[in-house]
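Protein chains in written order, with full-length UniProt numbering: chain A, 1 to 237; chain B, 1 to 237; chain C, 1 to 237; chain D, 1 to 237; chain E, 1 to 237; chain F, 1 to 237; chain G, 1 to 237.
So the structure is just underneath, and the comments pick up after that.
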Amino acid sequence: MFPAAPMAGYDRAITIFSPEGRLYQVEYAYEAVKRGMTALGVKASDGVVLAVEKRSASPLVEGTEKIKKIDDHVGVAFAGLFGDARVLIDQARIYAQTHRLIYGEPIPIELLVKRICDIKQMYTQHGGVRPFGVAFLFAGIDRKGSHLIQTDPGGTYLRCKARAIGAGAQKAIDLFTKEYREDIKIEEAVMLALRGLREAMEEGFSAENIELAKIDIYDKTFKIFTMSEVRELISKL
Amino acid sequence: MFPAAPMAGYDRAITIFSPEGRLYQVEYAYEAVKRGMTALGVKASDGVVLAVEKRSASPLVEGTEKIKKIDDHVGVAFAGLFGDARVLIDQARIYAQTHRLIYGEPIPIELLVKRICDIKQMYTQHGGVRPFGVAFLFAGIDRKGSHLIQTDPGGTYLRCKARAIGAGAQKAIDLFTKEYREDIKIEEAVMLALRGLREAMEEGFSAENIELAKIDIYDKTFKIFTMSEVRELISKL
Amino acid sequence: MFPAAPMAGYDRAITIFSPEGRLYQVEYAYEAVKRGMTALGVKASDGVVLAVEKRSASPLVEGTEKIKKIDDHVGVAFAGLFGDARVLIDQARIYAQTHRLIYGEPIPIELLVKRICDIKQMYTQHGGVRPFGVAFLFAGIDRKGSHLIQTDPGGTYLRCKARAIGAGAQKAIDLFTKEYREDIKIEEAVMLALRGLREAMEEGFSAENIELAKIDIYDKTFKIFTMSEVRELISKL
Amino acid sequence: MFPAAPMAGYDRAITIFSPEGRLYQVEYAYEAVKRGMTALGVKASDGVVLAVEKRSASPLVEGTEKIKKIDDHVGVAFAGLFGDARVLIDQARIYAQTHRLIYGEPIPIELLVKRICDIKQMYTQHGGVRPFGVAFLFAGIDRKGSHLIQTDPGGTYLRCKARAIGAGAQKAIDLFTKEYREDIKIEEAVMLALRGLREAMEEGFSAENIELAKIDIYDKTFKIFTMSEVRELISKL
Amino acid sequence: MFPAAPMAGYDRAITIFSPEGRLYQVEYAYEAVKRGMTALGVKASDGVVLAVEKRSASPLVEGTEKIKKIDDHVGVAFAGLFGDARVLIDQARIYAQTHRLIYGEPIPIELLVKRICDIKQMYTQHGGVRPFGVAFLFAGIDRKGSHLIQTDPGGTYLRCKARAIGAGAQKAIDLFTKEYREDIKIEEAVMLALRGLREAMEEGFSAENIELAKIDIYDKTFKIFTMSEVRELISKL
Amino acid sequence: MFPAAPMAGYDRAITIFSPEGRLYQVEYAYEAVKRGMTALGVKASDGVVLAVEKRSASPLVEGTEKIKKIDDHVGVAFAGLFGDARVLIDQARIYAQTHRLIYGEPIPIELLVKRICDIKQMYTQHGGVRPFGVAFLFAGIDRKGSHLIQTDPGGTYLRCKARAIGAGAQKAIDLFTKEYREDIKIEEAVMLALRGLREAMEEGFSAENIELAKIDIYDKTFKIFTMSEVRELISKL
Amino acid sequence: MFPAAPMAGYDRAITIFSPEGRLYQVEYAYEAVKRGMTALGVKASDGVVLAVEKRSASPLVEGTEKIKKIDDHVGVAFAGLFGDARVLIDQARIYAQTHRLIYGEPIPIELLVKRICDIKQMYTQHGGVRPFGVAFLFAGIDRKGSHLIQTDPGGTYLRCKARAIGAGAQKAIDLFTKEYREDIKIEEAVMLALRGLREAMEEGFSAENIELAKIDIYDKTFKIFTMSEVRELISKL
């Protein structure tokens with residue numbers, strides 16, 4: 001713990017720049033993401049898949065749901081602090097509903113992501129708050145097509161083809177790097193996502209311990225799979 | 001006390017991330033929960049049971065009640081700081097009443113829990129406050145069935161089958177892990193809860209020193225047992 | 001004074017958790033109570049008694065009154081900082097009057113105590129303030145019967161049968177532990193309270209240096225004894 | 001100055017409790033009182049006397065007046081910071097005038113003192129301010145009789161028979177302890193006050209360097225003596 | 001990390017002056033710019049060109065767009081924190097739209113830049129915030145002609161002929177210093193910009209990894225090149 | 001500079017008491033006064049004189065005026081920070097004008113001084129500000145006669161016969177102590193003030209480097225002497 | 001960097017007094033002025049001249065304009081932080097326009113300067129902000145004649161005959177001290193200003209790298225010279 005002392009000046013009170021131009025609090029918040037359970041997404045030519053690990057610490061406790069529907073055409077998976085995630089997911093739902101009400105159409109995915117990132121950025125620049133310790137993978141379909149977008153605690157977002165966040169992210173990314181093709185179809189993408197998650201989870205890969213969702217260009221509706229559907233899909237692996 | 005010095009930077013002013021992405025103030029608040037007297041819950045196939053230790057430090061002082069009714073269909077047990085718990089319980093009652101008034105129906109248990117967790121989360125991210133040093137076990141029944149949900153100081157909640165919090169939690173959990181079955185009936189669940197509490201309390205297990213409550217799917221009403229009822233139940237153990 | 005240095009991080013700015021989950025500022029505030037002059041209370045089967053030490057530092061200065069009437073049916077004794085106590089007593093009187101005005105009946109004792117504890121709790125969780133350095137013993141009678149309730153600086157309260165706070169509390173509690181019976185009558189309770197105070201005060205036990213008050217179920221009115229009444233009672237000891 | 005370092009944590013930012021339950025900032029403010037010039041008061045059976053030292057640092061500068069009239073029936077003497085005193089004296093005058101306006105009668109002395117102490121207490125519990133570095137001796141007459149009340153920087157007040165504050169307080173108190181009688185008449189009390197002040201001031205006791213005021217039950221009016229009246233009284237000592 | 005300790009006083013809480021009259025937080029924020037990917041601009045006699053590196057960390061992630069259109073007649077490239085940039089770009093778009101609405105004409109480029117710099121300056125002088133960790137290159141055309149203006153984190157702006165910011169800035173500037181001529185035409189400027197970017201990027205210079213935009217005096221419209229257009233231009237290098 | 005370290009706790013954030021009951025920030029502010037150029041005043045039996053040093057650092061820069069008229073019947077001289085003085089002088093002029101407007105008569109001098117001292121006191125007790133680094137000598141005539149009053153940074157004021165503040169104050173005070181008489185006439189007082197200033201200024205005593213003003217009971221108007229008038233008066237010394 | 005440590009207490013959070021009565025933050029802000037490029041002014045018997053160095057760091061970047069017109073009858077030159085200067089110049093323009101609108105006449109120069117200094121002073125006394133790191137030379141003509149006034153970061157202003165600020169100030173002041181005469185005419189003053197600037201700039205003295213402005217009593221209009229006019233004037237040196 002001793003090495004913590006000299007950098008003591010950069011992690012107090014408000015989020016400020018270190019002499020190297022880094023924002024330590026944002027980087028530390030990202031550590032909370034890295035400690036979270038793995039969440040991943042794969043964009044197919046005709047849809048997007050999300051999959052997360054929701055292992056429970058005990059058989060007597062249900063794993064926390066980590067995939068949430070925001071609106072009919074968009075959902076989200078997250079890694080990091082559950083409480084922080086919930087605040088932003090509630091906000092995302094409000095943005096989506098408000099957009100529908102005012103403009104009479106589903107909110108464009110990137111606009112939704114920007115709004116969430118604006119909140120995240122604000123929490124990295126103003127005093128009296130800490131950054132959000134959570135990263136999201138948004139999956140949705142709008143007029144411009146299908147989207148898989150990652151946000152990080154600093155308010156940055158990245159448009160992705162296949163992506164994983166959380167403790168097992170690197171193993172899943174390694175698999176995606178080898179096997180992902182842009183012309184992948186949604187059914188294959190589901191299988192690739194499951195395989196990525198199997199790599200990322202060191203143990204306990206089973207229908208009880210994961211969540212799976214998809215949205216495709218045919219019915220444009222974000223759908224979370226039931227446990228029996230997941231079980232069936234796993235059996236095909 | 002000396003090892004406290006190097007991490008001095010992470011526990012001041014506001015709740016901020018440590019370099020490992022941890023929120024020390026939230027973890028320290030959880031220590032307040034661990035020092036509290038044991039509270040536990042068991043979900044049966046037809047109801048939910050709550051039981052708490054309410055031992056008093058002196059025969060001249062009554063033990064503090066740690067099970068509270070929120071609304072007809074939901075109650076709560078807690079471990080941790082009494083003052084902090086009371087603030088949130090008052091808030092929960094207001095949410096429940098407001099929901100009845102506006103929507104003409106009992107508040108869904110998970111929605112109620114989310115509202116309380118939103119308050120808890122806010123106290124972990126904004127300056128000028130400290131987190132709540134209390135964990136809850138909510139027990140209730142709504143349209144979706146019966147619920148046993150734990151909240152922690154960080155604003156996270158967990159859906160549970162059988163759960164214990166506070167100083168003797170581990171002993172009760174060990175018992176539950178061995179003996180809990182999902183098809184347990186409410187009468188058996190009451191007995192299992194009492195046995196769990198007997199394990200958790202090192203001494204003084206008696207009707208005077210515990211509280212017991214249940215809610216079942218037959219009358220859907222949260223009911224705190226009288227001391228003589230508890231005494232009778234204990235005699236059957 | 002040297003051992004104060006390592007824990008320097010836990011007693012600044014706002015009241016925060018120590019790594020063991022303790023709130024040092026609240027504990028330090030309790031030290032202010034422990035340094036205060038003794039206050040005690042005894043609940044009889046038909047009433048409640050309060051007694052306090054109000055010794056003066058000099059014969060040229062009157063001792064500060066430490067028993068205050070809140071409303072006809074409830075009074076309070078305190079140990080700790082006089083200025084802090086006054087703020088909360090004023091508030092208690094306002095709550096009591098407001099309740100009478102709105103509901104047309106005396107405020108229930110426990111409700112009154114909860115309101116005062118809500119204020120106390122707030123001062124332990126928000127920045128820019130320190131906790132109240134005072135503990136109270138409320139004595140009153142309402143529809144549910146007679147009450148003796150202690151509050152502490154953290155916003156916790158305890159329903160008591162016989163209780164003492166302040167510098168000499170332990171000696172009085174030792175006496176109560178030996179001699180208190182639940183079927184005690186109010187006249188005996190007055191004598192037990194005086195004996196407890198005589199134990200607690202190391203010197204100077206006399207009608208000039210103490211205050212005594214009672215409320216019983218016959219006239220349900222909080223009554224502070226005059227000095228001559230106290231003198232007469234002491235003579236009977 | 002070195003011993004100041006270890007207790008550095010208790011005297012910054014806001015007024016907080018030390019581990020022993022003390023409020024250092026309030027105690028330090030009291031030091032400002034102890035460094036002030038002596039002020040004293042004597043309560044007679046038929047009135048109250050105030051006397052203060054108002055020595056000037058230079059013959060070219062007039063000593064600052066330290067006795068102020070609040071209303072016809074009440075005045076005040078102070079020791080400590082002049083600027084702080086003035087703020088509270090202005091406030092006391094406003095309270096007194098407002099009371100007359102609303103209730104059509106002079107403000108009760110103890111009520112007036114409580115209001116001033118409420119302000120003082122507030123400055124010991126909230127952040128962003130320091131306590132008032134001043135103590136007062138209020139002297140007045142109302143329906144309940146004559147009053148001599150001392151307030152200190154923490155918001156506590158004491159009902160007194162004879163009292164002194166400031167640098168020479170102990171010497172005056174020693175005299176009062178020996179010679180004060182409760183049946184003293186106002187003329188004797190004036191003489192006792194002057195003798196007390198002569199003891200307290202190490203040098204320079206003369207009509208130019210002191211102020212003297214009284215209020216008695218005959219005309220119930222707070223009266224500050226002129227310098228020639230003081231000179232005449234001193235000549236009688 | 002040890003050398004950080006002595007200057008610890010200059011980088012906390014708010015942005016304050018060091019003894020040498022420097023604002024460290026502003027300088028540290030500029031380090032965030034220097035760590036960003038290269039962005040550059042070249043002003044021709046008949047227009048302005050912007051080019052940026054938008055390399056992605058992974059083939060599965062699209063590079064973040066770093067050239068944004070503000071209004072028809074003005075666009076911007078940036079280096080530094082994406083989240084910070086987005087906040088200011090949104091603000092710039094609002095200023096531009098508001099100006100059009102109120103004055104019925106496009107906002108003058110320098111006025112737009114001043115407004116953005118006013119925000120940046122405010123974040124260097126007031127407490128509770130950190131400076132923006134981003135530098136911009138604004139390119140636009142208004143009544144006064146064509147403009148290439150750089151802003152830095154402190155709120156300063158510079159009118160430029162050819163300029164580069166970010167990690168590879170110096171290499172591009174070296175090239176510009178040798179080859180830039182004021183009478184350069186827009187087509188040549190595009191080529192010079194591409195060559196500058198090729199110098200600045202150590203590897204990966206390709207149409208996929210860069211963005212290119214221009215505005216010229218002929219149609220006065222800010223235009224971002226498509227990837228195939230960029231590919232074609234690169235092939236001409 | 002080393003001895004500054006142990007008292008580091010008493011001069012930060014807000015103005016707080018040191019263990020000896022001193023307000024260091026107020027004392028440090030007084031140091032700013034002591035570093036200022038000398039200002040002095042002499043009260044005659046029939047008027048008041050003010051004189052100040054206004055030497056310039058360079059022949060190319062005019063000395064700053066340090067005597068200001070507040071209203072027809074009152075003026076002020078100051079030593080300390082020019083910027084701080086200006087803020088309070090502006091405020092004094094507003095008080096004086098407002099008083100004339102509301103009450104139809106010139107503001108009493110002591111009331112004016114109290115208002116300025118109330119502002120000064122407030123800046124010594126509340127957080128987020130520093131005390132004013134300036135002392136004033138007010139000279140004026142009202143119904144009660146002529147007044148020479150000094151204010152200091154802490155909000156205290158002193159009624160004076162002859163007084164000097166600033167770097168050379170002691171030398172002027174020494175002269176006044178020897179030569180001042182209460183029956184001095186205004187013409188003599190002018191000469192005494194000039195002699196005092198000559199003592200206080202180590203060099204450069206001349207009409208160019210000083211300011212002189214008076215107010216007498218004959219025309220009751222504050223008058224600043226022209227440079228030629230000052231030159232003539234100096235020639236008579 | 002080591003010597004910075006002991007004075008660490010005086011340069012944090014808000015601008016406070018050091019034990020010697022100095023405001024370090026204001027002095028450090030003045031260092032920012034001293035690091036700025038030279039700005040100077042010369043007052044003639046019939047007008048005022050301003051001249052500044054505006055050298056650019058690179059041939060590809062235009063030097064920043066450092067002379068700004070505030071209103072027809074007044075302009076300003078500055079040394080220090082560009083962003084800070086711009087905020088105050090915008091404010092000065094608003095004051096000037098508002099004055100014209102309300103009073104129907106040009107704002108008096110000294111009144112304008114006072115307003116700007118009032119803002120500067122406020123930023124040296126209140127928490128949560130830092131002082132402005134900029135000094136100005138205001139040049140203008142009003143009913144009282146022509147004015148050359150310098151303001152510094154602390155809110156002080158000086159009426160000057162000839163003055164220079166910034167990195168090369170001393171060299172220019174040395175020249176002015178030798179050669180300035182009060183009866184100088186505006187044409188000579190222009191030449192003296194140019195010679196002063198040539199002394200102050202170590203290299204690069206040329207029409208491209210300087211700005212020059214004047215206002216005279218004949219047309220009373222602040223005029224910034226064009227580059228060719230400057231070139232011609234330089235050729236006459």
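Note that the Cβ used here is the ideal one computed from N, Cα and C, for glycine as well.
Glu-31 (chain G) reaches chain E at Phe-17, Ser-18, Pro-19, Glu-20, Gly-21 and Arg-22, counting residues in chain order whose Cβ is nearer than 9 angstroms. For Gly-75 (chain C) against Ala-164 (chain C), the beta-carbon gap comes to about 16 angstroms, at or over 8 angstroms, which does not count as contact.
Per the DSSP secondary-structure output, Arg-159 (chain G) pairs in a beta bridge with G:Ile-149.
In the three-state reduction of the DSSP assignment, Asp-71 (chain D) falls in the strand class. Those residues of the region 151-174 of chain A placed with their C-beta closer than 8 angstroms to a C-beta in chain B do not exist. With a threshold of 7 angstroms between beta carbons, His-126 (chain F) makes contact with chain D. Around the CB of Leu-60 (chain F), 16 or more other CB atoms lie within 10 Å, so the residue is classed as buried. A straight line joining the alpha-carbon of Asp-183 (chain D) with that of Val-190 (chain D) spans about 14 angstroms. Close to chain F, meaning a Cβ-Cβ distance shorter than 9 angstroms, are the following residues of the region 101-130 of chain G: Lys-114, Cys-117, Asp-118, Lys-120, Gln-121, Met-122, Thr-124, Gln-125, His-126, Gly-127 and Gly-128. In this model, Lys-114 (chain G) and Tyr-157 (chain G) are separated by some 8 angstroms (Cα to Cα).
Judged by beta-carbon spacing, Val-230 (chain D) lies within the 7 angstroms limit of Ala-207 (chain D), meaning their Cβ atoms are closer than that value.
Shortest Cα-Cα distance from Tyr-218 (chain F) to any of F:Gly-104, F:Val-26, F:Ser-45 and F:Gly-41 involves F:Ser-45. By the neighbour-count definition (other C-beta atoms within 10 Å, threshold 16), Arg-159 (chain A) is a buried residue. Against chain C, a Cβ distance below 8 angstroms from Lys-66 (chain B) picks out nothing, because the smallest value is about 12 angstroms. For Asp-46 (chain B), there is no enclosing alpha helix (DSSP H), as DSSP marks it with neither H nor E.
Using a Cβ-Cβ cut-off of 7 angstroms, Phe-222 (chain A) does not count as an interface residue toward chain E, since no Cβ of chain E sits closer than that to its own. Comparing alpha carbon positions, the residue from F:Lys-120, F:Arg-100 and F:Asp-72 closest to Val-87 (chain F) is F:Lys-120. Residue contact check for Phe-136 (chain C) against chain B: no CB pair falls below 7 angstroms. Secondary structure note for Asp-174 (chain E): its alpha helix (DSSP H) is the uninterrupted segment 169-179.
Annotation for Leu-192 (chain B): the continuous alpha helix (DSSP H) segment containing it runs 186-200. In the structure shown, Gly-83 (chain C) adopts helical secondary structure according to DSSP, grouped into three states. For Gly-140 (chain G), the beta-bridge partners assigned by DSSP are G:Val-74 and G:His-147. As a beta-bridge residue in DSSP terms, His-126 (chain A) pairs with E:Val-129. Distance from the CA atom of Cys-117 (chain F) to the CA atom of Ala-39 (chain G), rounded to whole angstroms, is 40 angstroms. Residue state for Ile-107 (chain F) is assigned as coil, using DSSP reduced to three classes.
Gly-127 (chain C) places its beta carbon 7 angstroms or farther from that of Gly-154 (chain B). Take Arg-100 (chain F), set aside five residues on each side of it, and the residues of its chain with a beta-carbon closer than 8 angstroms to its own are Asp-71, Pro-106 and Ile-107, in chain order.
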